[in-house]
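If you count by mature numbering (1 follows the signal peptide of the UniProt record, and there is no 0), then the sequence shown holds residues -28 to -1, 1 to 396, one letter each, in order. The C-beta atom is built at its ideal place from N, Cα and C for all residues, glycine as well. Please read all numbers here as calculations on a predicted model, not as lab measurements.
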Amino acid sequence: MTARVRNRARVRAGLSAWAAVAASVALAASISGCSTGAAADSVVGTPDTAAPASSASSASATASSAATTAVVPAATTTIATPAELDVLYASTRMHSMTLDAKLATMFMVQVPGTDPAPMAQYLAANGPGGFLLLGNNVPGSADALRAQLAGVTLTAGLSPLVSIDEEGGDVARLGEDVFPGADRLKSLPVEETTASFTQRAALLEAAGVSVNFGTVADVTADPGSFIYDRVLGTDPASASARVAASVAAENGSVFSTLKHFPGHGETNADSHTSIPATDLPFDQWQARDAPPFAAGIDAGASLVMFGHLSYTSVDPEPASLSARWHEILRHDLGFTGVAVTDDMLMLQDSGLPEFADQAANAVRAVSAGNDILLYNSAIDMSGPVGAIRAAVQSGQIGEHQIDQSVVRILTLQRQQWERTHPAG
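Put into structure tokens, the structure is as follows:
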């Protein structure tokens, strides 16, 4: 990765809404003597009456009220942006949650079938932050899927995240997705990627889907690689251009996800049945595999999915369980969004004894820095949640880290609510 890319990423991180809001809340708290939570409350109000971020006039009035409450000198007051208001809203909601409720929010599961009742019942009983849709969840049309999902609601002001793997081509859940996938797009002009992902995003939005695990940022020129037909480019430059185009095309319709960080292109092994490993040096990863992820982050990707593969020169642990790789994503590439694992059950499917314990895997994934743990099944969440709770209570995982993860998730839930409830 060039110094220019690293510097640009750090600038993005420094100007992120999270950093700006954290600074403003800390300032208000220090001047008014309020706690951070109280300061956030003074800006946002109660969760169900918070100003919609889409309203500029309401945002201005709310920010002005907060400045008055905190007695901040006029020279230091600023008008909160819609993104900052979303984060403040999420922070307020987070502060009202129990530890178990926070931990449950960090889970995304798959409940089979097209009947919304089991999904709604699972949500009410377990409180996950969202759901993954597979082929068995999808009825005959986007309209039918939207009607199905309408029966699955969270709470006023927040929408559960509904995700899907809709890459196009070989990986598509919606029968109406006839748009080109990566197998064709990699050999077509970049404009075709923009057109395809624009149409696909519109279809997903119409179906009520909020998160697309659809942008493969892996790079390989090896037709023998299991990921080859799904990559958007066979070299760093072409992959970066199409990854950026796909993310830009989805912005405003669905939340884009880059996968599978730090990149499957350096090994032919399939992480659905093993833990692939490569001894590629870090500087070569920076030059070959990092650029598409950096391009997607710069284009505005909301999520990055971590793969279950190991770059042994960096960390022998799979990247999904590696604090070092999360640090690289956050600090070197400047990513401030949501980090999500690939399907956690794949670790157990590897057959390796060190990944046989589902609850222990969950603790390791959260400890590494993941915000969302993805499960390709309606798991019994009590075991993993209980194990993570014990890790927090023992000090193995800091509750502040949990709070940061939950705010990131609730911010997306808030933004999705605003998309579907423009009046607030």
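- Per DSSP, residue 158 lies in no beta strand (DSSP E) and is assigned neither H nor E.
- By the criterion of a C-beta distance shorter than 6 Å, residue 269 is surrounded in its chain by 305, 307, once the five residues flanking it on both sides are discounted.
- Between residue 145 and residue 105, the alpha-carbon positions lie close to 8 Å from each other.
- For residue 168, the secondary structure class from DSSP, reduced to helix, strand or coil, is helix.
- Residue environment: residue 239 is assigned as buried (16 or more neighbouring CB atoms within 10 Å of its CB, all protein chains considered).
- Here residue 183 has 102, 133, 134, 135, 136, 226, 227, 229, 274, 275, 384 as same chain residues with Cβ atoms under 8 Å from its own Cβ, once five neighbours each way along the sequence are excluded.
- Around the CB of residue 108, fewer than 16 other CB atoms lie within 10 Å, so the residue is classed as exposed.
- A residue is called buried when at least 16 other Cβ atoms come within 10 angstroms of its Cβ; residue 232 meets this threshold and is buried.
- Burial of residue 139 is indicated by the presence of at least 16 other C-beta atoms within 10 angstroms of its C-beta.
- By the C-beta density criterion, residue 150 is exposed, having fewer than 16 other C-beta atoms within 10 angstroms.
- Pairing residue 148 with residue 114 gives a Cβ-Cβ distance under 8 Å.
- Contact between residue 247 and residue 290 holds: CB atoms are separated by about 6 Å, below the 8 Å threshold.
- Sequence-distant partners of residue 241 (beyond 5 residues in either direction) whose C-beta falls short of 6 Å from its own C-beta, in its chain, are 248.
- Taking C-alpha positions only, residue 66 is separated from residue 317 by approximately 28 Å.
- DSSP places residue 184 in the strand class (E or B) of the three-state scheme.
- Residue pairing of residue 275 in beta bridges, as defined by DSSP: 229, 310.
- Judged by DSSP in its simplified three-state form, residue 318 adopts helix.
- Residue 113 is not bridged by DSSP to any residue.
- Segment contact: the segment 68 to 84 against the segment 344 to 360, three or more CB-CB distances shorter than 8 Å; contact assigned.
- Here residue 199 is buried, its C-beta having at least 16 other C-beta atoms within 10 Å.
- Of all alpha-carbon atoms in 264, 74, 363, the one lying nearest the alpha-carbon of residue 99 is that of 74.
- Residue 208 counts as buried, since no fewer than 16 other beta carbons sit within 10 angstroms of its beta carbon.
- Between the C-alpha atoms of residue 369 and residue 222 there is a straight-line separation of about 34 Å.
- Put simply, of 176, 325, 161, 116 the residue whose alpha carbon is nearest the alpha carbon of residue 87 is 116.
- In the three-state reduction of the DSSP assignment, residue 283 falls in the strand class, which pools E and B.
- With a threshold of 16 other beta carbon atoms within 10 Å, residue 169 meets it and is buried.
- Residue 219 sits away from residue 204, with the two beta carbons spaced by 8 Å or more.
- Under the 10 Å beta carbon count, residue 127 is surrounded by fewer than 16 other beta carbons and is classified as exposed.
- In this structure, residue 286 lies near residue 254, with their beta-carbon atoms less than 8 Å apart.
- Excluding five sequence positions before and after residue 364, the CB atoms of its chain that fall closer than 7 Å to its own CB belong to 71, 371, 374, given in chain order.
- If you compare the alpha carbons of 211, 300, 264, 245 with that of residue 324, the shortest gap goes to 245.
- Under DSSP, residue 353 forms no beta bridge with any residue.
- The secondary-structure analysis by DSSP pairs residue 133 across a beta bridge with 102.
- Contact between residue 343 and residue 311 holds: their C-beta atoms lie close to 5 Å from each other, under 8 Å.
- Note on geometry: alpha-carbon atoms of residue 124 and residue 256 lie some 45 Å from one another.
- Its chain contains 59, 62, 63, 66 as the residues whose beta carbon lies nearer than 7 Å to that of residue 379, once the 5 sequence neighbours on both sides are disregarded; these appear in chain order.
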